[in-house]
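Right, one structure below, let's go through it.
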Amino acid sequence: MWDNLKDYHIILGSQSPRRVQLLGGLGIAFEQYAMPEIDESYPENLPPEEVALYIAEKKAKAYAGRMQDNTLLITADTVVIDSKDRILGKPADPAEAKSMLQCLSDSTHRVVTGVVIATPGHRKKISCISKVTFGALTDEQIDYYLSNFAPLDKAGAYGIQEWIGYVAIKHIEGSFYNVMGLPVYQVAHTLMLF
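Following our numbering, the residues of the sequence shown are numbered contiguously, the last one being 1070.
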């Protein structure tokens, strides 16, 4: 499997341990590189569903100068869009994380991951949307999650694979792995095209 990738030096440009786990689950040999600091701002008029791909493209462009002929670069970004179309990125502190979880409680939100897979001469883009419905969360449940897990490195302040995913998620429409940070089905099928 993956004979089409044997001549590539595959780089995952991400600091996310979840993306490392998910890409590794495909059985692909790759290196994880920390991306250079990039400005993750986006135009105010950009539709919320396009923000993740916009930022993933900025990450790919930031790395472009280091690419060699055999480099295959994968970058990604994930955002949560609440029921009022507000974008929830990674919370700055526990208070913001609590506010985000209160906002997501008893409502449906969208999780969008944008992925760029690029070689020096070829570029593919993926945007995947999943809809997640949370049941009502009590302050006690939110405080427990914030005290026992690490929500500050996650868009929307939660990890679907963690305790909160077990007790809060009533329904998901779309890719579970997309909510974790990498739509592996779409990534795998795109990699088959290289």
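Built from N, CA and C at the ideal position, the CB exists for glycine as well.
Bear in mind that the values here come from a model prediction, so they are computed numbers and not experimental data.
Original post:
At which residues does the beta strand (DSSP E) containing residue 1007 begin and terminate?
Top reply: 998–1010
Subject >> Cut-off 8 Å between Cβ atoms - residues of its own chain near residue 885, not counting five sequence neighbours on either side >> reply: 907, 944, 946, 947, 948
Original post:
For residue 932 versus residue 951, is the C-beta spacing smaller than 9 Å?
Top reply: yes
Subject >> residue 1015 - DSSP class collapsed to helix/strand/coil >> reply: helix
Original post:
Helix or strand or just coil, what does DSSP make of residue 933?
Top reply: helix
Original post:
Rounded to the nearest angstrom, how far is the Cβ of residue 928 from that of residue 989, given a contact under 8 Å?
Top reply: 6 Å
Original post:
How big is the Cα-Cα spacing for residue 1003 and residue 1020?
Top reply: 33 Å
Original post:
Can you list, in chain order, the residues of its chain whose CB lies under 6 Å from that of residue 1000, leaving out five sequence neighbours each side?
Top reply: 993, 1066
Original post:
Straight-line CA distance for residue 985 to residue 1031?
Top reply: 12 Å
Original post:
What's the gap between the Cα of residue 987 and the Cα of residue 1057?
Top reply: 9 Å
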